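A.B. asks:
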Amino acid sequence: EWTTHNVVEEQVAAIRELVGSRRAICGLSGGVDSAVAAALVQRAIGDQLTCVYVDHGLMRKGETEQVEKDFVAATGVKLKVVEAEERFLSALAGVTDPEEKRKIIGREFIRVFEQAQAEIIAEAGAEGEPVEFLVQGTLYPDVVESGGGSGTANIKSHHNVGGLPEDLEFQLIEPLRKLFKDEVRKVGEELGLPAEIVHRQPFPGPGLGIRIVGEVTKERLDLLREADAIARHELTAAGLDREIWQCPVVLLADVRSVGVQGDGRTYGHPIVLRPVSSEDAMTADWSRLPYEVLEKISTRITNEVRDVNRVVVDVTSKPPGTIEWE
Ligand code: XMP
């Protein structure tokens, strides 16, 4: 009989049996899949698992804290956080091309992760038990997709923690391989993970780096983080989280337009709201958000976020638009 309780029990027993007294590593992205996979493995083998979280400085407001504090509090997982904001920002300096940004972020991510991995292996080796396993949050649809060879053209070079080192010295543990997304969320709830993590909407691996059209700088990231936090807060307050698939908030950093505020002329940047509804992100429709909600978001962003004097809504479906702007 399929119950989340049984799935957890079965997986925990199987992982314990497989790993024995050896050790495992898991990369956390802040997303649902890696969090649930890590929580399951932690329940099975406790401190023999070490999780790695790379803080690339491209996360949204509060997300890094969610992993560092809430996830650790809920699971008791052993976590290694690598602060790499400066490294990512200097690698991205002067870069405006979307594919180049994606490649740089993906490349730096793998380098930082591999370095952390090497440190963990060295520490563990000193205590006698080898690290032989890498945990990944692969879901059933990912398994089908990669095995299916459907030949779909790669429109954007996707990057996520699931695509990490093809290191053959590791054996993979993929406890979510037979599950769909909604089942993964249920398993997460069963494991006591915070709702903000379990019901998190999709967020791209390259983070806010691909939601700034133009060069990525710390100042622009901070500005976008403020606007994004306001939009997310208001969408949640309006009870729309389960209705929309996701709502990227995009900063057009190289565009300025004239506005007026108080007695003065302004010359600021536009923020784009990109709310979409979708089943699987392959196609999407733009969400018809209630006007009152749009008004609230627009008023708050233009009042509260310095240098932003205009909010626009993207009403393009996918295709022809993609969900993200880059
Ligand atoms: P697009 O923009 O291609 O996005 O319509 C489809 C879905 O994928 C997400 N996305 C990513 N997810 N790594 C990820 O893990 C990535 O590099 C990436 N790029 C886009 C996007 O948020 C949407 O849900």
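Under the UniProt record's numbering, think of the first position of the sequence shown as 199, with each following residue one higher.
In this text, a Cβ means the ideal position worked out from N, Cα and C, and glycines have one as well.
Every value quoted in this text rests on a predicted model; they were computed, and no experiment measured them.
Check the C-beta distance from Pro-339 over to Glu-522 and give it rounded, since I have them as a contact under 8 Å.
C.D. replies: Not really, about 19 Å apart at Cβ, beyond 8 Å.
A.B. asks: Identify, in the order they occur along the chain, each residue of the same chain with its Cβ nearer than 6 Å to the Cβ of Lys-301, setting aside the five sequence neighbours on each side.
C.D. replies: Answer for Lys-301: no residue qualifies.
A.B. asks: Give the DSSP-derived three-state secondary structure of Ile-353 in the structure shown.
C.D. replies: coil
A.B. asks: At a threshold of 7 Å, does Ile-302 count as lining ligand 1 (C-beta to nearest heavy atom)?
C.D. replies: no
A.B. asks: With a threshold of 7 Å (Cβ to nearest heavy atom), would Gly-390 be considered close to ligand 1?
C.D. replies: no
A.B. asks: Glu-325 to Thr-434, Cα distance in whole Å?
C.D. replies: 47 Å
A.B. asks: Quick one, which of Cys-249, Leu-450, Asp-245 has its alpha-carbon nearest Ala-233's?
C.D. replies: Cys-249
A.B. asks: For Arg-504, count neighbouring C-beta atoms within 10 Å of its own C-beta (all shown protein chains included) and say buried if the count is 16 or more, exposed if not.
C.D. replies: exposed
A.B. asks: What's the C-alpha gap between Gly-457 and Arg-440?
C.D. replies: Answer to the nearest angstrom: the Cα atoms are 34 Å apart.
A.B. asks: When you measure from the CB of Ala-393 to every non-hydrogen atom of ligand 1, does any distance come out below 7 Å?
C.D. replies: No, since every heavy atom of ligand 1 falls outside the 7 Å radius drawn around the Cβ of Ala-393.
A.B. asks: Please determine, among Val-448, Val-279, Leu-438, the residue with the shortest C-alpha to C-alpha distance to Val-511.
C.D. replies: With distances taken between Cα atoms, Val-511 lies closest to Val-448.
A.B. asks: Give the DSSP-derived three-state secondary structure of Ile-521 in the structure shown.
C.D. replies: coil
A.B. asks: Within 10 angstroms of the Cβ of Gly-466, are there 16 or more other Cβ atoms? Answer buried if so, exposed if not.
C.D. replies: buried
A.B. asks: Shortest alpha-carbon distance to Glu-372 belongs to which of Pro-404, Glu-394, Val-341?
C.D. replies: Comparing Cα-Cα distances from Glu-372 to each of Pro-404, Glu-394, Val-341, the minimum goes to Val-341.
A.B. asks: Mark Asp-295 as exposed unless 16 or more other C-beta atoms lie within 10 angstroms of its C-beta, in which case mark it buried.
C.D. replies: exposed
A.B. asks: For Val-470, which residues in the same chain have their Cβ closer than 6 Å to its Cβ, ignoring the five residues on either side in sequence?
C.D. replies: Val-448, Val-510, Asp-512
A.B. asks: With a 10 Å radius around its C-beta and 16 neighbouring C-beta atoms as the bar for buried, classify Phe-378 as buried or exposed.
C.D. replies: That one is exposed.
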